[in-house]
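A short worksheet on the structure shown next.
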Amino acid sequence: MNKMKHVNSWISFGKWIAAGLLIMGIIHDIATFTPLIQEILVGLSLEKSDVVICFSLGTGTSLILCGLLIFFLLNRFERYRFLITPLMTISIFLLIFGILSLYYMIHNPFAWVVSVLCFLMFGITLKLRAIID
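Each residue of the sequence shown is one higher than the one before, counting from 25 in my numbering.
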């Protein structure tokens, strides 16, 4: 019974982190449109600005999808323990994403927040995997 309570607390913490990832993805996508509205990307060629917009939207959308998937998988995790495999896969993706965001944007506070969330999600998934083994 104590083990189940322990699992539930990690699941709950994981849901909060997943919600954080979702929110950061929404903020990222909104921030992508801000330069378009303010015409800040005018200095870039059309080709380069299209690339920046595409990958920026892809980044935000990836965070949104990962947050949603993790949240829904954690809702079912108590009943279906095999869901640790997709949770682990998404967490590894987020770990790599978190490392790369710091590598490429070390001075960006957004990158630090996202990286912390990614590292926490990876740690939570590892902890859940260790508990169920």
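For glycine and all other residues, C-beta sits at the position ideal for the given N, C-alpha and C.
When the options are compared against residue i, the one with the closest alpha-carbon
i: residue 144; options: 130, 123 and 129; result: 123
i: residue 81; options: 118, 108, 117 and 58; result: 58
i: residue 46; options: 96, 104 and 132; result: 96
i: residue 93; options: 42, 74, 128 and 130; result: 42
Close-in-space but distant-in-sequence residues of the same chain around residue i (CB under 8 Å, 5 per side omitted)
i: residue 151; result: 34
i: residue 85; result: 49 and 53
For residue i, the first and last residue of its enclosing alpha helix (DSSP H)
i: residue 115; result: 108 to 128
i: residue 153; result: 133 to 156
Own chain residues within Cβ distance below 6 Å of residue i, not counting five before or after
i: residue 102; result: none
i: residue 149; result: 111, 112 and 115
i: residue 23; result: The first residue shown for the chain is 25 and the last is 157, placing residue 23 beyond what the model contains.
i: residue 31; result: 155
With 16 other Cβ atoms within 10 Å as the buried cut-off, status of residue i
i: residue 56; result: buried
i: residue 142; result: buried
i: residue 121; result: buried
i: residue 108; result: buried
8 Å contact criterion, which residue i and residue j should meet: CB distance rounded
i: residue 118; j: residue 90; result: 6 Å
i: residue 87; j: residue 49; result: 3 Å
Any chain B beta carbon closer than 8 Å to residue i
i: residue 118; result: The structure shown contains no chain B, having only a single protein chain.
Residues near residue i by beta carbon distance below 7 Å, same chain, minus five either side
i: residue 83; result: 52
i: residue 100; result: 107
i: residue 44; result: 141
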